[in-house]
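Basically this note's numbering = 1-based index in the sequence shown + 497. Report on the following structure.
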Amino acid sequence: DWTEEDFLHLAPSDEFYVWLVRRPNYQNDRIWALSVEDIEEDERLLWAIKDKGESWSGEYFRDIILTQNVIPFLNDEENVIDPDEATFVHDKAPCMRANKIQNLLQDNNVKFWGNDIGPGNSPDLNVAERIGSIFKDEVEKKMLSETGDNRYREDILKVHLTNVLTNLETDTDLFETLLRSYPSRLRAVKNANGRHTHY
Numbered sequence: 498d499w500t501e502e503d504f505l506h507l508a509p510s511d512e513f514y515v516w517l518v519r520r521p522n523y524q525n526d527r528i529w530a531l532s533v534e535d536i537e538e539d540e541r542l543l544w545a546i547k548d549k550g551e552s553w554s555g556e557y558f559r560d561i562i563l564t565q566n567v568i569p570f571l572n573d574e575e576n577v578i579d580p581d582e583a584t585f586v587h588d589k590a591p592c593m594r595a596n597k598i599q600n601l602l603q604d605n606n607v608k609f610w611g612n613d614i615g616p617g618n619s620p621d622l623n624v625a626e627r628i629g630s631i632f633k634d635e636v637e638k639k640m641l642s643e644t645g646d647n648r649y650r651e652d653i654l655k656v657h658l659t660n661v662l663t664n665l666e667t668d669t670d671l672f673e674t675l676l677r678s679y680p681s682r683l684r685a686v687k688n689a690n691g692r693h694t695h696y
């Protein structure tokens, strides 16, 4: 029995992709460079870069993604209302369901929704997917407003990525609205018998 306020303590996560190189006829392309070589490695504003067909090792995911990024973020009072009350909501990807990962989170006192909570792979329940869509849409608008070759310049892309991220990071109303949408999302999934909803 959660109240609407309880949902404000959730920290949803998800991955999304912004393709740097054109992939012909690929649905939902977001293309911002003529080739990956156009962008210096230290200037790629991405959380993790993964080549097509390459998979993360469990060690990389544990040591880099979670231990160096996610866990410190959740324990920082500037990022969450109360670190002791924050609940990490993962997207039930195989790497997140692994026992070693579940144990790592427990060992670091990170509260999280376990494998038994919520349907697997349900974008309807993951507000982080909406944030990813908003981010990509805003960057796309800004890049499309550029003229000529500026649409493909990495320095222009970097400025737009940085500005959009900065604006999103400070948009507490957006995050609060999305977190408060969890009760209606849960009702919608229940009413749809686990099928697709308008979310």
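No residue lacks a Cβ here, since even glycine has one placed at the ideal position from N, Cα and C.
(message) Can you tell me whether L641 is buried or exposed? The criterion is at least 16 other CB atoms within 10 Å of its CB, across all chains shown.
(response) On the sequence shown, residue 641 is found 144 positions in, with the first residue counted as 1. L641 should be labelled exposed.
(request) Going by DSSP, name the residue or residues bridged to F609. (result) As a position in the sequence shown, residue 609 is number 112, starting the count at 1. For F609, DSSP records a beta bridge to F585.
(request) Sort F570, F585, D573 and I568 by Cα distance to L505 and report the nearest one. (result) As a working note, residue 505 is residue 8 in the sequence shown. L505 has its Cα closest to that of F585, out of F570, F585, D573 and I568.
(request) Starting from P580, trace the beta strand (DSSP E) both ways and give me its first and last residue. (result) As a working note, residue 580 is residue 83 in the sequence shown. Secondary structure note for P580: it is in no beta strand (DSSP E), with a DSSP letter that is neither H nor E.
(message) Please classify N576 as buried or exposed, where buried requires at least 16 neighbouring CB atoms within 10 angstroms.
(response) Your numbering for residue 576 matches position 79 in the sequence shown. So N576 ends up on the exposed side.
(message) the ligand NAP and D670: does the residue's C-beta get closer than 7 angstroms to at least one heavy atom of that ligand?
(response) Absence of the ligand NAP from the depicted structure is noted, as is the absence of any ligand whatsoever, leaving it without description.
(request) Starting from L507, trace the beta strand (DSSP E) both ways and give me its first and last residue. (result) The count along the sequence shown starts at 1 and reaches residue 507 at position 10. Residues L507 to P509.
(request) Go through its chain and collect everything with a Cβ distance to R541's Cβ below 7 angstroms, but skip five positions before and after it. (result) Within the sequence shown, residue 541 is the residue found at index 44, counting from 1. The pLDDT assigned to R541 is 33, lower than 50, so where the model puts this residue is not dependable, and the model offers no usable value.
(message) Would you call the segment 632-640 in contact with the segment 675-695, where contact means no fewer than 3 C-beta pairs closer than 8 angstroms?
(response) no
(request) Kindly indicate which three-state DSSP category R594 falls into: helix, strand or coil? (result) As a working note, residue 594 is residue 97 in the sequence shown. Note: R594 maps to helix in three-state DSSP.
(request) Return helix, strand or coil for I561, following the three-state DSSP convention. (result) Sequence index remark: in the sequence shown, residue 561 carries index 64 (1-based). Correct three-state label for I561: helix.
(request) Confirm, please, whether the CB-CB distance from V636 to L601 is below 8 angstroms. (result) Residue 601 sits at position 104 when you count from the first residue of the sequence shown. Residue 636 sits at position 139 when you count from the first residue of the sequence shown. No. Outside cutoff.
(request) Tell whether a beta-carbon distance below 8 angstroms holds between A583 and L571. (result) Taking the first residue of the sequence shown as position 1, residue 583 is located at position 86. Taking the first residue of the sequence shown as position 1, residue 571 is located at position 74. Between A583 and L571, the C-beta gap is smaller than 8 angstroms, which places the two residues in contact.
(request) In angstroms with no decimal places, state the Cα-to-Cα distance between L559 and K608. (result) As a working note, residue 559 is residue 62 in the sequence shown. As a working note, residue 608 is residue 111 in the sequence shown. Correcting the residue type first, residue 559 is Arg in the shown sequence and not Leu. When rounded, the distance between both Cα atoms is 16 angstroms.
(request) Note down, in chain order, each residue of its chain lying with its Cβ closer than 8 angstroms to the Cβ of V661, except the 5 sequence neighbours on either side. (result) Taking the sequence shown and counting its residues from 1, the one referred to as residue 661 is at position 164. The answer, listed in chain order, is F632, E635, V636 and K639.
(request) Using the Cα positions of W499 and I578, report the straight-line distance between them to the nearest angstrom. (result) Here residue 499 corresponds to residue number 2 of the sequence shown, with the count starting at 1. Here residue 578 corresponds to residue number 81 of the sequence shown, with the count starting at 1. Distance between the alpha carbons of W499 and I578 is about 17 angstroms.
(message) Please tell me whether N623 and D588 are closer than 8 angstroms, where the distance is taken between their beta carbons.
(response) Taking the first residue of the sequence shown as 1, we reach residue 623 at position 126. Taking the first residue of the sequence shown as 1, we reach residue 588 at position 91. The answer is yes: Cβ separation under 8 angstroms.
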